[in-house]
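Residue numbers (the working numbering): 44 to 104.
Shown next as structure tokens:
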């Protein structure tokens, strides 16, 4: 499974609401851009997908 970030849906909140929802802190954000994920550390738990108000994050199987 992998976390996918849809840059077209992302509203680039600053700070991104999904960042704090991740239990492993694998999401990062530069300035007010779309978040980035450390794919090697992400466990695809889906907590960030529920925290995103625009549905820009999703877990793909």
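Glycine is no exception: its CB is placed at the ideal position from the N, C-alpha and C atoms. Because the structure is a prediction, the values reported are computed rather than measured.
With 16 as the cutoff for other CB atoms within 10 Å, does residue 66 come out buried or exposed?
exposed
Determine whether the Cβ of residue 56 lies closer than 8 angstroms to any Cβ atom of chain D.
Going by chain labels, chain D is absent from the structure shown, which holds only one protein chain.
Residue 67 lies in the beta strand (DSSP E); which residues open and close that run?
First-last for residue 67: undefined, no H or E at that position.
Would you kindly report the start and end of the unbroken alpha helix (DSSP H) that includes residue 93?
90-94
Can you list, in chain order, the residues of its chain with a C-beta nearer than 7 angstroms to that of residue 92? Leave out the 5 residues immediately preceding and following it.
Taking residue 92 as the centre and dropping the five residues before and after it, the same chain places the C-beta of 100, 101 and 102 closer than 7 angstroms to its C-beta, in chain order.
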